Every structure is written in C-alpha cells, then in structure tokens.
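Each residue of the sequence shown is one higher than the one before, starting from 263 at the first, in my numbering.
Reviewing the structure listed below.
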Amino acid sequence: MKKQDIVIVGSGCAGLFAALQFPDDQKITMITKDIIEHSDSFLAQGGICVLKTPEDYQSFFDDTLKAGHYENRRESVDIMIRSSRDTIRELIGYGVDFARDSDGALLYTREGAHSKPRILYHEDETGKEITSRLLAQVRRARPNVSIVENTAMVDIVCRGNECLGVVCRRSDGSYDTIPADYTMLACGGIGGLYRHSTNFPQLTGDGLAVCMEHGVALENINYVQIHPTTLYTKKPGRSFLISESVRGEGALLYNAKMERFANELMPRDLLTAAIRAQMEKDGTEFVWEDLRPLGEETIKAHFPHIYTKCLEEGYDVTRECIPVTPAQHYFMGGIHVDEESRTTMDRLYAIGETACNGVHGKNRLASNSLLESLVFAKRAALHIQEHYEPLSEALPTVDYSRYEPADVLAEKRKERILAEIERLNEHEHQ
Numbered sequence: 263m264k265k266q267d268i269v270i271v272g273s274g275c276a277g278l279f280a281a282l283q284f285p286d287d288q289k290i291t292m293i294t295k296d297i298i299e300h301s302d303s304f305l306a307q308g309g310i311c312v313l314k315t316p317e318d319y320q321s322f323f324d325d326t327l328k329a330g331h332y333e334n335r336r337e338s339v340d341i342m343i344r345s346s347r348d349t350i351r352e353l354i355g356y357g358v359d360f361a362r363d364s365d366g367a368l369l370y371t372r373e374g375a376h377s378k379p380r381i382l383y384h385e386d387e388t389g390k391e392i393t394s395r396l397l398a399q400v401r402r403a404r405p406n407v408s409i410v411e412n413t414a415m416v417d418i419v420c421r422g423n424e425c426l427g428v429v430c431r432r433s434d435g436s437y438d439t440i441p442a443d444y445t446m447l448a449c450g451g452i453g454g455l456y457r458h459s460t461n462f463p464q465l466t467g468d469g470l471a472v473c474m475e476h477g478v479a480l481e482n483i484n485y486v487q488i489h490p491t492t493l494y495t496k497k498p499g500r501s502f503l504i505s506e507s508v509r510g511e512g513a514l515l516y517n518a519k520m521e522r523f524a525n526e527l528m529p530r531d532l533l534t535a536a537i538r539a540q541m542e543k544d545g546t547e548f549v550w551e552d553l554r555p556l557g558e559e560t561i562k563a564h565f566p567h568i569y570t571k572c573l574e575e576g577y578d579v580t581r582e583c584i585p586v587t588p589a590q591h592y593f594m595g596g597i598h599v600d601e602e603s604r605t606t607m608d609r610l611y612a613i614g615e616t617a618c619n620g621v622h623g624k625n626r627l628a629s630n631s632l633l634e635s636l637v638f639a640k641r642a643a644l645h646i647q648e649h650y651e652p653l654s655e656a657l658p659t660v661d662y663s664r665y666e667p668a669d670v671l672a673e674k675r676k677e678r679i680l681a682e683i684e685r686l687n688e689h690e691h692q
C-alpha cells in the first residue's frame with residue numbers, strides 16, 4: 263500500500279474519534295480485523311460519564327479512584343473529568359441522541375460505585391449510538407479516511423525505536439505493508455482469550471502481543487475486569503451483558519433462597535467476588551437478578567435491548583428473575599502510554615482499551631470506558647498534529663515468509679499473554 267500519513271489499527275469509538283480530529287488533507291487508513299460493526303464499542307450498554315456540574319468534580323474524581331483501589335494515575339483521571347463536558351458537546355454535535363426529558367434536558371442515570379447520577383445514555387445501547395454516529399461522520403465528511411475491513415495487524419515495522427507502519431494480513435491470507443508517518447493502535451481488549459467474555463471473540467490482544475515482541479512497555483496487564491452480571495446460558499459464544507445500569511435503577515440480586523446477599527451498587531470487582539462466593543455457597547452456576555422493581559414501563563423504555571434479548575432466551579424480565587453469572591468484560595491494563603497516548607516507541611500511539619493511561623487503576627468505574635477512550639484518542643490526534651514530522655526514509659523490505667499461519671500465531675500469542683498475566687498475578691499475591 264502507498265504511504266499514509268496515519269494508520270489506525272482498529273475501528274471502534276477511539277479510532278473513529280481520533281480520525282475525526284485530523285485535517286481532511288491527511289491520508290488516513292483504518293484497518294479492522296472483522297467487519298466494522300464487530301467492535302466492542304458497539305456493545306457498550308450503560309452509558310458515558312460526564313462532569314454534570316463543576317461541583318461534582320471531587321465526587322467524580324473520588325469515585326474513580328476508590329473503584330480503582332487508588333492505583334489510578336491522578337493526572338489522567340483529572341484530564342478525563344475536565345475534558346468530559348467538551349467531549350459530550352462534540353458527540354452531540356455529531357448527532358448522538360442522549361436520553362432527554364420532556365423539556366429536552368439531558369437525563370442522567372447512576373451505576374455501581376457512583377455516589378450520584380452522572381451517566382448519559384441512549385436506551386441500553388449507548389455504545390452503538392455513539393460509535394454508529396462517529397462512523398457515519400467519518401463516512402460522510404472524511405473522504406481522506408479509508409476503512410479496510412477483514413484485515414488483521416500481524417506486526418509493526420520498526421527501525422530502531424521508531425515505528426514506520428504496520429504489516430497486515432487479509433482474510434484471503436495475503437499480506438500487505440502500510441507505511442505511515444504515525445501509527446495508532448486502537449485494537450481493543452483481550453476478551454477473545456477467555457472462554458467466557460462479553461467481548462467479540464476476535465479481540466485477542468493483538469496490539470499487546472506485537473508490543474511485547476518489540477519491547478514496547480506494557481502496564482498492569484493482569485488488571486482484567488470481570489463483570490458481575492451476564493445472562494447465564496450453557497450455549498457457546500459471547501456472554502450477553504446485563505448492564506450495571508439496571509442495578510443503578512433498582513434491580514436486585516438474590517441467592518438460591520431468593521434472599522438478597524450483597525449491595526448491588528458495589529464496585530464491580532467486589533460484587534463479582536460476592537456473587538462467586540454466593541454461587542459456591544449455594545452450589546450453583548448463577549445467582550438471580552430481579553428487574554421487576556424498575557417497572558414494566560422503565561424496563562421497555564430504558565432497557566429495550568436487554569428486554570428483547572432475555573425474551574429470546576425464554577425470560578420475561580417484567581415478570582420473572584433471570585439467572586446471571588460473572589464473565590470477563592474489560593482490560594484496565596495494556597500498552598503503557600503517557601497523557602498524550604504516546605507509547606515508549608517513537609511514532610507509535612495507543613488509544614482505547616488496548617492502552618493503559620492509568621485512568622482506571624485496578625478496577626474500572628462503570629461508564630468511564632467510553633469517555634476515557636474518546637478523551638485520550640483526541641489528545642493523541644492533537645499531539646500528532648502539533649509535532650508532525652514526515653518520515654524521511656523509505657520503509658525497509660518486509661519478509662512475509664517469516665510469519666506463521668494465522669491460527670498458529672494466534673495460539674502462541676494467546677499463550678504468551680495469558681502466561682504473563684498469570685505470572686504477574688502470582689507475583690502480586692506473594
């Protein structure tokens with residue numbers, strides 16, 4: 263492929279939002295491993311946090327740190343919160359339709375570990391609403407951005423500690439190299455490495471693996487979040503999330519005796535531990551979640567996707583409880599980046615779930631993921647523009663024969679990532 267100004271690996275909200283920040287005279291290629299709609303950004307149900315009023319700053323800051331066990335980078339948390347209102351205004355400018363009351367005022371909901379409502383939402387498909395609007399804006403207003411689907415990053419091309427572009431493999435098995443002045447990794451989390459995950463299966467930590475192989479610094483890659491409530495099923499495939507916002511609106515959890523056993527609004531890691539302990543005590547593979555306290559009108563208006571999905575699985579949440587169980591959901595660790603989303607390799611940036619800028623600490627606060635991804639994606643794009651220097655040398659020749667078949671390479675990388683996560687967990691508990 264001809265040299266690009268920017269190559270973005272991934273097509274979720276972080277990658278799309280970054281692409282929209284560049285001038286329309288810069289050539290940008292986005293590659294995505296599957297079809298563009300198979301991004302985890304489309305799956306985010308609950309909402310996106312915002313600094314509702316200036317007076318809420320300290321509470322928002324404290325809630326984020328408390329959920330993250332105070333292992334957060336405070337500068338990053340501060341940047342995210344202070345950037346939130348401008349980010350929301352930009353999204354609304356792109357047509358994002360957040361819920362409003364009859365007078366047109368924005369509605370706010372609350373989720374676990376939040377001390378007050380500060381979460382904007384669109385029904386129970388906020389991620390889909392945001393990401394689809396960003397995608398439409400890219401397609402409508404950015405002819406300089408090319409999106410290439412069904413194309414996976416295999417490697418980055420380097421000269422010393424400088425990234426010169428990416429090597430990719432198409433679905434037909436053929437290879438290509440995309441030279442670029444700057445490379446942005448926006449390739450999502452690692453849910454595809456786990457048997458039970460709310461993530462799409464193709465999210466296997468490709469950015470993480472490539473950085474491990476090139477000595478790019480990582481951070482806290484054993485900080486993996488388990489979501490406490492996914493719909494229990496014995497069917498194979500991706501776990502279906504029962505959004506935390508249903509508990510924020512009043513849903514309750516019961517054990518096998520239909521007794522409450524935990525505070526439903528605890529941080530995710532603590533509630534997951536409580537649910538797992540209760541399942542072990544009861545000898546079950548799930549606990550019960552009761553949405554009926556919300557009322558039929560609220561369920562169908564605020565959570566239509568959850569209502570419909572549960573009906574498809576044989577549960578009417580307006581009339582009965584549903585079985586829920588924990589599953590892997592989010593990746594707080596990742597490729598180490600600074601506040602401008604720079605990695606430790608020159609010309610290489612990382613944004614979204616694949617990056618670790620320290621916002622989330624050891625455990626992510628509900629509905630901070632979309633906000634964090636957007637804020638630091640924009641910072642990356644602006645930093646590139648402010649310090650733009652074209653590559654002065656031609657790309658070295660890439661020997662494609664050295665790359666193993668896709669399935670072999672994927673399995674080796676999976677084993678390496680999971681082994682490193684296990685090693686770090688063991689070291690932490692020594």
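Think of the CB as a built atom: it goes at the ideal place given N, C-alpha and C, for glycine as much as any other residue.
Model, not experiment: these values are computed from the prediction.
*Is Thr-413 helix, strand or coil when you go by DSSP?*
If you number the sequence shown from 1, residue 413 lands on position 151. In this structure, Thr-413 counts as strand in the three-state DSSP scheme.
*Taking all protein chains shown into account, do 16 or more other C-beta atoms lie within 10 angstroms of the C-beta of Tyr-332, making it buried, or fewer, making it exposed?*
As a position in the sequence shown, residue 332 is number 70, starting the count at 1. Classification for Tyr-332: exposed.
*asked:* Using 8 angstroms for Cβ pairs, my map puts Ala-643 next to Phe-284. What's the rounded Cβ distance?
replied: Sequence index remark: in the sequence shown, residue 643 carries index 381 (1-based). Sequence index remark: in the sequence shown, residue 284 carries index 22 (1-based). The Cβ separation is near 6 angstroms, so the contact holds.
_Exposure label - Tyr-650; buried when at least 16 CB within 10 Å_ = For the purposes of this step, residue 650 is identified with residue 388 of the sequence shown, where counting begins at 1. Tyr-650 is exposed by the Cβ-count criterion.
_Outcome for Tyr-467 when other beta-carbon atoms lying within 10 angstroms are tallied against a minimum of 16_ = The residue you call residue 467 lines up with position 205 of the sequence shown. Checking the displayed sequence, the identity of residue 467 turns out to be Gly instead of Tyr. Buried, because 16 or more other Cβ atoms sit within 10 Å of the Cβ of Gly-467.
*Alpha-carbon to alpha-carbon, Ile-561 and Gly-309*: Start at 1 with the first residue of the sequence shown, and residue 309 comes out as number 47. Start at 1 with the first residue of the sequence shown, and residue 561 comes out as number 299. Cα to Cα, the separation comes out at about 16 angstroms.
*With a cut-off of 8 angstroms, do at least 3 Cβ pairs link the stretch 610 to 619 to the stretch 486 to 494?*
no
*asked:* With the cut-off set at 9 angstroms, would you say Glu-287 and Asn-406 are in Cβ contact?
replied: Translated into positions along the sequence shown, residue 287 becomes position 25. Translated into positions along the sequence shown, residue 406 becomes position 144. Note that residue 287 is Asp in the sequence shown here, rather than Glu. Yes; because the gap between Cβ atoms is below 9 angstroms, this pair is in contact.
_Let me check understanding here. Comparing Cα to Cα, which of Val-410, Ala-398, Ala-361, Val-579 lies closest to Arg-380?_
As a working note, residue 380 is residue 118 in the sequence shown. It is Ala-361.
_C-alpha gap between Tyr-456 and Gly-366, whole angstroms_ = Locating residue 456 in the sequence shown gives position 194, counting from the first residue. Locating residue 366 in the sequence shown gives position 104, counting from the first residue. Going from the Cα of Tyr-456 to the Cα of Gly-366 covers about 42 angstroms.
*Hey, could you find the ends of the beta strand (DSSP E) His-598 is sitting in?*
Here residue 598 corresponds to residue number 336 of the sequence shown, with the count starting at 1. It spans 596 to 598 - the beta strand (DSSP E) in which His-598 sits, taken as one unbroken run.
*Counting pairs of Cβ atoms below 8 angstroms between the stretch 467 to 478 and the stretch 438 to 457, do you hit three or more?*
yes
*Round the Cβ separation of Asn-482 and Met-594 to the nearest angstrom and send it over; I've been treating them as touching at under 8 angstroms.*
Numbered from 1 along the sequence shown, position 220 holds the residue referred to as residue 482. Numbered from 1 along the sequence shown, position 332 holds the residue referred to as residue 594. That pair is a contact at about 6 angstroms.
*Under the three-state DSSP convention, the category Ile-297 falls into*: Translated into the one-based positions of the sequence shown, residue 297 becomes position 35. Ile-297 falls in the coil class under three-state DSSP.
*Limits of the unbroken alpha helix (DSSP H) element including Leu-397*: In the sequence shown, residue 397 corresponds to position 135, counting from 1. 388 to 403 is the extent of the alpha helix (DSSP H) around Leu-397.
*List the whole-angstrom C-beta distance separating Glu-526 from Arg-500, where the pair is believed to meet the contact cut-off of C-beta under 8 angstroms.*
Mapped onto the sequence shown, residue 526 falls at position 264. Mapped onto the sequence shown, residue 500 falls at position 238. With 8 angstroms as the limit, Glu-526 and Arg-500 do not qualify as a contact, their Cβ atoms being about 24 angstroms apart.
_Given this structure, state the Cα-to-Cα distance separating Pro-566 from Leu-556, to the nearest angstrom._
The residue given as residue 566 occupies position 304 in the sequence shown. The residue given as residue 556 occupies position 294 in the sequence shown. Between Pro-566 and Leu-556, the C-alpha separation is close to 13 angstroms.
*How do the stretch 372 to 379 and the stretch 315 to 330 stand: do at least 3 beta-carbon pairs fall below 8 angstroms, yes or no?*
yes
*To which residues of the same chain is Glu-511 closer than 6 angstroms at the C-beta, ignoring the five residues directly before and after it?*
Working through the sequence shown from its first residue, we reach residue 511 at position 249. Correct list, in chain order: Leu-556.
*Given a threshold of 16 other Cβ atoms within 10 Å of its Cβ, counted over all protein chains shown, does Thr-315 qualify as buried or as exposed?*
Taking the first residue of the sequence shown as 1, we reach residue 315 at position 53. Classification of Thr-315: exposed, given that the 10 Å Cβ count is below 16.
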